[in-house]
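Here the structure is laid out as C-alpha cells; the discussion comes afterwards.
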Amino acid sequence: MQQQLQENRQRARQSQRGAKYLLQGLLVCQQCGYAYYGKPVSHKAAKGKVREYAYYRCIGTDAYRFGGDRICSNLQVRTDLLEMAVWQQVQALLENPQRLTQEYTRRAQAPKQGQHLTALETQLTKLRRGLERLIDSYAEGVIHKAEFEPRITQMRVRIAALETQIAQATSEMTRQQELRLIIGRLKDFATQVKTGLEQLDWQQRRDIIRTLVKRVEIDKDQVNVVFRVEPLSPVPDSDKDCLQHCTGRESSGFKLAKLLVGHNILLLDLVLAAYIHSRKRSIRTESTFA
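Residue numbers (the numbering used here): 888 to 1177.
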C-alpha cells in the first residue's frame, strides 16, 4: 500500500510538471538503485551540424549530486531506441487483449485478502500486547528468568511469522487491486489494438505503458521490463520464453545489443534485437496455442 501511495504522489508531481519522456519515472538502475532521467544533449556531426539527442542517464553517474564523486558507472541509453524496445514488449503483451482479460479476470477471482489481513493484524496486536505484559511481569519479578526466556522466544517467533503473513497478504491485496485496474483498462486497450497500436499518439502510449509496466530495470548488459501482474504459479522452464507475455509473466528481459565505444554511451541496437526477440516469441506462442 505504501508503494502505491508513493507511486501516486510521483505521478501527481509528473502530471503537474508535465512528462517529457515516454519512460519517465519507470527506469531504475540495477547497479546503484537510483532512477534514470531524461537528458538532452547536442553532438556536432562531421559537417559541423549540431544534432540533438536525448539519453536516459542514471542519477548515480552525476558526480555533482554526490559531493563531486559519481557512485555509479552504468551507461547512458538512447531514449528513442529504449522507448521503441519497451513499446515492442508492451505491444507483444497486448497482441491478444481478450485472452489477457480472461486470464487476469481468473486471477482476480482469488480469495479476497481484506478480511484475512484484518484478522492477522488483530492477532499481531494481541501478541505484541502480550509480549509487553510478559516483559513487565519479568521486570516486576512475577516470573523467573527460566520461565521468561522460552516464553518470550516463542512469542517473538509467532510475531515474526505473523508479520511475514501480513506482508504477503498486503502484497496479494495490492496485486488484486492492480489486476482490477488492468482489467478495466484492457477493454479500452482492445479497441486501440483493433485500430492499430502504431496509430496511438505519445500520451496514449505513455498511458498504456504506465498501466501495464511496473518498472524498467537497466543493467550494463540487459534491460528488464517488469510488468505489474506476476504469475500465480511458476511457469515451467520449457515454456517461459513463449508464455512470458500471454500468461502474465512478471518480467521480460532483452540483451543490450551494442556499445558505442568512444562516448561511454550505451547505444542500443534494440530495434533489431527486440524484433528478433518478438518474432521468436510470436512463433513459439502460435505453436503453443495452436
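Virtual Cβ for every residue (Gly too), placed ideally from N, Cα, C.
Which whole-angstrom value is the C-beta distance of residue i and residue j, which I expect to be below 8 Å?
{"i": "residue 957", "j": "residue 966", "result": "Not quite, the Cβ-Cβ distance comes to about 21 Å (not below 8 Å), so this is no contact."}
{"i": "residue 914", "j": "residue 943", "result": "6 Å"}
{"i": "residue 988", "j": "residue 1073", "result": "5 Å"}
{"i": "residue 848", "j": "residue 1110", "result": "Nothing about residue 848 can be read from this structure; the chain reaches only from 888 to 1177."}
Using three-state DSSP, classify residue i as helix, strand or coil.
{"i": "residue 941", "result": "strand"}
{"i": "residue 920", "result": "coil"}
{"i": "residue 926", "result": "strand"}
{"i": "residue 1029", "result": "coil"}
{"i": "residue 914", "result": "strand"}
{"i": "residue 954", "result": "coil"}
{"i": "residue 890", "result": "At residue 890, the pLDDT of 48 sits below 50, so the modelled position is not reliable; the number obtained from the coordinates is stated separately. Here residue 890 sits in helix by DSSP."}
Using only alpha-carbon positions, find the residue among the options that is nearest to residue i.
{"i": "residue 1047", "options": "1027, 922 and 1012", "result": "1012"}
{"i": "residue 929", "options": "940, 922, 1039 and 1014", "result": "940"}
{"i": "residue 1093", "options": "920, 1053 and 977", "result": "977"}
{"i": "residue 1098", "options": "950, 980, 919 and 921", "result": "980"}
{"i": "residue 961", "options": "920, 1065 and 1003", "result": "920"}
{"i": "residue 1065", "options": "992, 952 and 953", "result": "992"}
{"i": "residue 1050", "options": "955, 1019 and 1009", "result": "1009"}
{"i": "residue 1070", "options": "1102, 1027, 1023 and 1115", "result": "1115"}
Provide the residue span of the beta strand (DSSP E) that contains residue i, from first to last.
{"i": "residue 1101", "result": "1100-1105"}
{"i": "residue 1109", "result": "1109-1114"}
Residue i lies in the alpha helix (DSSP H); which residues open and close that run?
{"i": "residue 980", "result": "966-980"}
So, are the CB atoms of residue i and residue j less than 8 Å apart?
{"i": "residue 1112", "j": "residue 964", "result": "no"}
{"i": "residue 959", "j": "residue 1105", "result": "no"}
{"i": "residue 1087", "j": "residue 1056", "result": "no"}
{"i": "residue 1014", "j": "residue 1045", "result": "yes"}
{"i": "residue 1068", "j": "residue 1042", "result": "no"}
{"i": "residue 911", "j": "residue 1107", "result": "no"}
{"i": "residue 1001", "j": "residue 1060", "result": "yes"}
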